[in-house]
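Colleague: Residue numbers for the sequence shown follow the UniProt record's numbering, so the first one is 1 and each next one is one higher.
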Amino acid sequence: MKKIVELKNATVQVNNGFDEVKTILDNVSLDIYEHDFLTILGGNGAGKSTLFNVIAGTLMLTSGSISILGEDVTQIPAEKRAKYLARVFQDPKMGTAPRMTVGENLLIAKDRGEQRPFSPRKIHAYKEEFSQLLTRTGNGLDKHLETPTGLLSGGQRQALSLLMATLKRPELLLLDEHTAALDPKTSVSLMQLTDEFVRDGRLTALMITHHMEDALTYGNRLIVMKDGKIVKDVSRDEKVQMQIADYYQFFE
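1) Check whether the region 124-138 touches the region 210-227, taking contact to mean three or more Cβ pairs, one atom from each stretch, closer than 8 angstroms.
2) What do you reckon, are the CB atoms on isoleucine 40 and isoleucine 223 nearer than 7 angstroms?
3) Taking 7 angstroms as the threshold (C-beta atoms), are isoleucine 68 and valine 5 in contact?
4) Which partner residues of residue 304 appear in the DSSP bridge assignment?
5) Based on the DSSP output, what are the partners of residue 267 in its beta bridges?
6) So, are the CB atoms of valine 12 and threonine 62 less than 7 angstroms apart?
7) Rounded to the nearest angstrom, how far is the Cβ of valine 45 from that of lysine 8, given a contact under 8 angstroms?
8) For the pair the region 87-99 and the region 150-157, tell me if three or more CB-CB distances fall below 8 angstroms.
9) How big is the Cα-Cα spacing for phenylalanine 197 and leucine 203?
10) In chain order, what residues of the same chain lie with their CB nearer than 8 angstroms to the CB of serine 119, ignoring the 5 residues before and after it?
11) Under 8 angstroms by Cβ, that's how I've got aspartate 26 and glycine 219 pegged, so tell me the actual separation to the nearest angstrom.
12) Following the continuous alpha helix (DSSP H) through arginine 81, name the residue where it begins and the one where it ends.
13) Can you tell me whether DSSP reads proline 98 as helix, strand or coil?
14) List the residues that DSSP assigns as beta-bridge partners of alanine 86.
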């Protein structure tokens, strides 16, 4: 099976300002395979976001290594890893440019990870393609192709962020608590849309979540983190046997 990401003894240590070194990712080894959909659980400070930042390249390892598609990217910065991965953040404002229209945001996403020369906008050439894509969200985004993104609701902006992240198929999709800032109804619909995109696009995805129900419902593997370590890696076969009460036991 094709290996998308390989972390070997990945460790991150930071100085906490009092001449004390704190380990926020502790000797983590993890293999992520093609079409894996990993849900990641853990309390505050467990190391979930650190793991994402290490994979994305926004935080460098103190020791250990990370490879993406067999390439050692341990020392490669985030902008050069963009060709491999896309990320949807917790804050709906982070994934989109507020003063640009929905169409303009999608046009940028279409060329993610590539050099973009200065050239006239050609949104009209993609109008039909973008409109059909926006219809999939089911939240009226298809009527807002010319609307500045900053005028959209949080749920619409997050759905647009998801579309942008998957428009040019990434080797790895990072979902960083992407439903946490939404109301329960919007969160449910966005999770259903996310699952549809991951399945239809045969994507490889990692999702941090605090919603036990989402961790139970979605994904083929479950990672539980605590104190910067992976304390549980639950396989597909184990996961289908589990119930919500089993998930809460991880935190007792």
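Don't be surprised by glycine CBs; every beta carbon is placed ideally from N, CA and C.
Modeller: The structure says:
1) Contact fails: fewer than three Cβ-Cβ distances are below 8 angstroms.
2) The answer is yes: Cβ separation under 7 angstroms.
3) Yes, these two residues count as a Cβ contact at 7 angstroms.
4) The chain is shown from 1 up to 252; residue 304 falls before or after that span and cannot be answered.
5) The chain is shown from 1 up to 252; residue 267 falls before or after that span and cannot be answered.
6) Result yes, Cβ atoms of valine 12 and threonine 62 sit closer than 7 angstroms.
7) Correcting the residue identity first, residue 45 is glycine in this sequence and not valine. Not quite, the Cβ-Cβ distance comes to about 23 angstroms (not below 8 angstroms), so this is no contact.
8) Yes, since at least three Cβ pairs between the region 87-99 and the region 150-157 fall closer than 8 angstroms, the two stretches touch.
9) One Cα belongs to phenylalanine 197, the other to leucine 203, and the distance between them is close to 8 angstroms.
10) Residue confidence is low: serine 119 scores 47 on pLDDT, short of 50, so the model does not pin down where it sits. Its coordinate-derived value is still stated next. Correct list: empty, nothing qualifies.
11) Not really, about 23 angstroms apart at Cβ, beyond 8 angstroms.
12) From DSSP, the alpha helix (DSSP H) with arginine 81 extends over 78-81.
13) Proline 98: coil per DSSP, three-state reduction.
14) Residue pairing by DSSP places alanine 86 opposite Leu173 in a beta bridge.
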